[in-house]
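Each remark here refers to the structure printed beneath this line.
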Amino acid sequence: MMRGIGTALLAVAAVIAAQTALSFVVGFHTAELIGETALGALFLYAVVRVGRKRR
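Take the sequence shown: its position 2, counted from the start at 1, is 68 in the working numbering, and no numbers get skipped.
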């Protein structure tokens, strides 16, 4: 369980770092939209993964 939490934190940190880097290239609003989409996908992946483990 702790490994999964650590992996999730690293994934969120990577998304935030990429969002910061993108904000210099494509603008803040576009980078924020991409970051929110990526975080939403990570959240849905986590929900599906938990659902599969409980079966």
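No residue lacks a Cβ here, since even glycine has one placed at the ideal position from N, Cα and C.
For Gly101, report the span of its alpha helix (DSSP H) as first-last.
94-119
Rounded to whole angstroms, what's the CA-CA distance from Arg115 to Phe90? Just pull it up for me.
Spanning the two alpha carbons is a distance of roughly 34 Å.
For the pair the stretch 91-99 and the stretch 67-74, tell me if three or more CB-CB distances fall below 8 Å.
no
Could you tell me whether the Cβ atoms of Ala97 and Leu88 are closer together than 8 Å?
Less than 8 Å divides the Cβ of Ala97 from the Cβ of Leu88.
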